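Quick note, the working numbering runs 16 ahead of the 1-based positions in the sequence shown. Okay, so here's the structure we're looking at.
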Amino acid sequence: MIFIDLHISTRRSIKNLHTKLYQTYLVFSSNCNIIDPMIYLFIVWHMHQPYYKNDREHTYLMPWVRLHAAKDYYDMLMIAREEEAKVSFNLTPVLLEQIEDYTRNNVKEIQNEMMLKDTSALNEEEKVYIISNFFYANHRVISKKTIA
């Protein structure tokens, strides 16, 4: 059994992974005199996020749970359904609690509120906050294509 730690968020990546595993398996099997060319692929997705909620003020300090839920977690479910892939999803209790907050619209998120605010209504402190906090995402990662 081989464990591979990868970040996979598109169907094409799954197919590429399968092709690479198959090529690796062919080399491995020819060196070890293994006859069965079948690859059994089982994907384990482990999702976790830190606890971003400020319980005293009932606000979320960072948008990552919302952004990953909208982009990556949904894609993973679609891959599992469309590809009939053998997968296991492991979500931490802290992540599930935060996702449930979002689904119940029980969320006040600083970034979201500022993003929706008219720019002419922003004060200097809010402008500095936006410049300092809105560009954390790694452009290469966040701009990856997702399942349409």
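Idealized CB from N, CA, C, for every residue including glycine. Treat the numbers as computed from the prediction; the structure is a model and nothing was measured.
**Message:** In the DSSP assignment, the alpha helix (DSSP H) including Ser-148 goes from what residue to what residue?
**Reply:** Residues 140–149.
**Prompt:** Does the Cβ-Cβ distance between Lys-124 and Thr-75 come in under 7 Å?
**Reply:** yes
**Request:** Measuring alpha carbon to alpha carbon, tell me which of Met-92, Tyr-118 and Ile-146 ends up nearest His-62.
**Result:** Met-92
**Message:** My parser needs the alpha helix (DSSP H) runs of 4 or more residues fully inside the segment 51–118; what are they?
**Reply:** 80–84 and 90–99
**Message:** For Pro-79, tell me which candidate among Gln-127, Leu-138, Glu-141 and Glu-142 has the shortest Cα-Cα distance.
**Reply:** Gln-127
**Prompt:** Between which two residues does the alpha helix (DSSP H) carrying Glu-129 extend?
**Reply:** Segment 126–132, the alpha helix (DSSP H) holding Glu-129.
**Request:** Sort Arg-72, Asn-70, Tyr-67 and Val-60 by Cα distance to Tyr-89 and report the nearest one.
**Result:** Val-60
**Request:** Express the C-alpha separation of Gln-65 and Val-81 in angstroms, rounding to a whole number.
**Result:** 7 Å
**Prompt:** Can you check whether the CB of Ala-86 is closer than 7 Å to the CB of Ile-115?
**Reply:** no
**Message:** Nearest by alpha-carbon distance to Ile-95: which of Arg-120, Phe-58 and Asn-122 is it?
**Reply:** Phe-58
**Message:** Using 7 Å as the threshold, is the C-beta distance between Met-130 and Glu-140 below it?
**Reply:** no
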